[in-house]
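Engineer: Here the sequence shown stands for residues 14 to 272, where the numbers follow the numbering used here. Each residue gets a CB set at the ideal place from its N, CA and C atoms; glycine is no exception. For clarity, every value in this text was computed on a predicted model and none was experimentally measured.
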Amino acid sequence: LRREFGGCAGNIAYSLRQLGGKPLPMATVGTDGAEYVERMKTLGVSTEFVRQVGDTYTAQAMIMTDRDNNQITAFHPGAMMQAHVTRIEARSDIKLGIIAPDGRDAMLQHAEQFKAAGIPFVFDPGQGLPMFDGKELTHFVELATWVTVNDYEAKMLSDRTGLSCAELSRKVEGLVVTLGAEGCEVWVGGEKTLVPPVKATEVVDPTGCGDAFRGALLYGLEQGWSLARCAALGNRVGALKIATRGGQNYTLTADQIAA
14 LRREFGGCAG NIAYSLRQLG GKPLPMATVG TDGAEYVERM KTLGVSTEFV RQVGDTYTAQ
74 AMIMTDRDNN QITAFHPGAM MQAHVTRIEA RSDIKLGIIA PDGRDAMLQH AEQFKAAGIP
134 FVFDPGQGLP MFDGKELTHF VELATWVTVN DYEAKMLSDR TGLSCAELSR KVEGLVVTLG
194 AEGCEVWVGG EKTLVPPVKA TEVVDPTGCG DAFRGALLYG LEQGWSLARC AALGNRVGAL
254 KIATRGGQNY TLTADQIAA
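Take a look at the structure:
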């Protein structure tokens, strides 16, 4: 049994910071969150938009992983259920954002606020996707600039919206469908490109691999790269992360991430 720092906001910020980016995680912590906030500061990650909520604990996940890296997770949202209280405002120093798994109200409201503020964003609902019906998911896609899902989520997204991956990709600048060890698909304007996988030197723990990919994707988009190049970096960072336990214990060097 191990206790690790985690959560989508923290893991994505960690990945982006490892790559030299300047993340601004928007998240909530509970009365037990001081240690995590200090860790973020130590890593050089801004905590400007990390809000402490009283009378509750920081979100907790109990993850059980078998020898084949299949996982079962028990989750208590805690302070995350107040994430919608923090608002996104227009700021000249924010280049892009991401809607990752969060409280339902926060995901809905922050997508609207990103759009109103003129901030392009990635819609990556992850395990939060089942909370939304087809109409809500279609609206998320219409607000977003890019969409990222895994293969299971892609099928659910298509089933609920009635839109194929090709059709979804025509509503945004691009759609990424991750395929685990098989790499990922990049859809742009209805056309699919397969981005090959990067073989991991060792498979230790898949926890946080998706967030590592998200951080790399954001880094590439900030640099103005093509979506396929962003996804290729995501595959590389994910392969490096899976060789370590936990979501925030890997380190990246220039040689490791060179494409």
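1. What runs of the beta strand (DSSP E), each 3 residues or longer, lie entirely inside the stretch 30 to 106?
2. Gly19 bridges to which residues according to DSSP?
3. If we call anything under 8 Å between Cβ atoms a contact, is Val135 one with Leu230?
4. Might you give, ordered along the chain, the residues of its own chain that have their beta carbon closer than 6 Å to the beta carbon of Gln256, omitting 5 neighbours on each side?
5. By DSSP, does Lys168 sit in helix, in strand, or in coil?
6. Tell me whether Gly237 is buried or exposed, calling it buried when 16 or more other Cβ atoms sit within 10 Å of its Cβ.
7. Who are the near neighbours of Thr158 in its chain, counting only those whose CB is closer than 8 Å to its CB and skipping five residues on each side?
8. Nearest-angstrom Cα distance between Phe127 and Leu37?
9. Suppose contacts are defined by Cβ-Cβ distances below 8 Å. Is Ile192 in contact with Val160 by that definition?
10. What's the call for Glu204, buried or exposed, on a 16-neighbour Cβ count within 10 Å?
11. Whose CA, out of Pro209, Gly139, Val189, Arg104, lies closest to the CA of Val201?
12. So, using beta-carbon positions, are Val42 and Ala92 closer together than 8 Å?
13. What does DSSP give as the partner residue(s) for Phe136 in the beta ladder?
14. Tell me the rounded alpha-carbon separation between Thr71 and Leu56.
15. For Lys212, which three-state DSSP category applies?
16. Which residues share a DSSP beta bridge with Leu121?
17. Based on DSSP bridge pairs, tell me the residues matched to Lys205.
18. Which residues in the same chain as Ala244 place their Cβ atom closer than 6 Å to its Cβ, once the five residues preceding and following it in sequence are excluded?
19. Can you look up Leu285 in the DSSP assignment and give me helix, strand or coil?
20. In the DSSP output, which residue or residues are listed as bridge partners for Thr191?
21. Between the stretch 246 to 264 and the stretch 163 to 173, can you find at least three pairs of beta-carbon atoms closer than 8 Å?
22. How big is the Cα-Cα spacing for Thr44 and Thr206?
23. For Leu181, which three-state DSSP category applies?
24. Grouping DSSP H, G and I as helix and E and B as strand, with all else coil, what is Gly147?
Structural biologist: Taking the geometry as given:
1. 40 to 42, 63 to 65, 73 to 78, 84 to 89
2. Gly19 pairs with nothing; no bridge assigned.
3. yes
4. It is worth fixing the name first, because residue 256 is Ala in this sequence and not Gln. Only residues of its own chain outside the window of five on either side were considered, and among them Ala213, Thr214, Glu215, Val217 have a CB closer than 6 Å to the CB of Ala256, listed in chain order.
5. helix
6. Flag for Gly237 reads exposed.
7. Leu109, Pro133, Phe134, Val135, Val185, Glu186
8. Approximately 14 Å between the Cα atoms of the pair.
9. The residue you asked about is not Ile; residue 192 is Leu in the sequence shown. Their beta carbons are not under 8 Å apart, which means Leu192 does not touch Val160 by this criterion.
10. exposed
11. Val189
12. Yes, the pair counts as a contact, with Cβ atoms nearer than the cut-off.
13. Ile112, Val160
14. 19 Å
15. coil
16. None, per the DSSP bridge assignment.
17. Trp200
18. Val189, Cys197, Val199, Val208
19. As displayed, the chain neither begins before 14 nor continues past 272, which places residue 285 out of reach and without an answer.
20. Asn163, Cys197
21. no
22. 46 Å
23. helix
24. helix
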